[in-house]
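Position in the sequence shown (first residue = 1) + 723 = the working numbering.
Every residue, glycine too, gets a C-beta built ideally from N, C-alpha and C.
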Amino acid sequence: MSDNFNKKSAKGYDVCVLYTFFAILLITADQLFKLMVVNEIKPYGQVMIIDNFFSLHYAENTGSAFSMFADKPWGIYFLSGVSLVLGLVILIFMYIASRRSMKMISLAFCLLFSGAIGNLIDRVRLRYVVDYLRFDFGTYTFPIFNFADMCAVIGTFLLICIILFKSKYFEEFWNVLFKRKKKEKKLEKETENAD
724 MSDNFNKKSA KGYDVCVLYT FFAILLITAD QLFKLMVVNE IKPYGQVMII DNFFSLHYAE
784 NTGSAFSMFA DKPWGIYFLS GVSLVLGLVI LIFMYIASRR SMKMISLAFC LLFSGAIGNL
844 IDRVRLRYVV DYLRFDFGTY TFPIFNFADM CAVIGTFLLI CIILFKSKYF EEFWNVLFKR
904 KKKEKKLEKE TENAD
C-alpha cells in the first residue's frame, strides 16, 4: 500500500516539475518575443507581414485587455496587484491538479499562469505591457495583443471546454479543492463536540 502511495506521489511530483518547467518556458518565450519587438520593431513602429491583414505593430499598453484602465494613473498598480494575486491562485491550482495527474486542467492553469506572469513582468519592469500582434479586418483593427495574452486566452478556452465537455473531470478537481476543507471542518467540529 505505501509503495503504491509513494509511486503515485512521486508521479504527481514529476508532473508538477513538468508543468513548472513548461510555465517557465512560456514566460521566457513571451519575454524574448517582447525584447525582439522592442529591438527590431519599435524603431519602425510597424512591420507588415500580410498586407492589410497581419502586422507586427509596437504598442505600449498601460491598461489591461482592450486597454481597460489605461487612462487611470493608479491603473498599473491595480492591474499589477490583480495579476499577482491571480497568478498565485492559478499557480496553486496548477500544483493541486498536477499532483493528482489531472493533465488537461494542469495545462489550462499552466497557460493562464504563464499569461498572467508574462504581462506582470512588463507592468513591474516597464509600467506598461508590450503588445505587438495586430490584425486588421477591413476598417476594423482587432485590439493589439501579445504572446502572454494568447497563453491566457488559450488557457481560459481550454478550461471552459473542460467545464462544458468534461464536467465530471472538472468536478473531481472541484471536490479536491473544496470538499476536503469541508471534511476537515466537520472533523474539527466533531472533535470539539467530543471534548
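- Exclusion of the five residues before and after Phe893 leaves Ile885 and Ile886 as the residues of its chain whose Cβ lies within less than 6 angstroms of its Cβ.
- Secondary structure of Thr879 (DSSP, three-state): helix.
- When secondary structure is reduced to three states using DSSP, Thr862 falls in the coil class, being assigned neither helix nor strand.
- Secondary structure note for Met771: its beta strand (DSSP E) is the uninterrupted segment Gln769 to Ile773.
- Excluding residues up to 5 positions away in sequence, Tyr742, Ser829, Phe832, Cys833 and Phe836 lie with their Cβ nearer than 7 angstroms to the Cβ of Met817 in the same chain.
- Taking the CA atoms as reference points, Val740 sits about 27 angstroms from Arg848.
- Residue state for Arg850 is assigned as coil, using DSSP reduced to three classes.
- Less than 9 angstroms separates the beta-carbon of Asp753 from that of Phe870.
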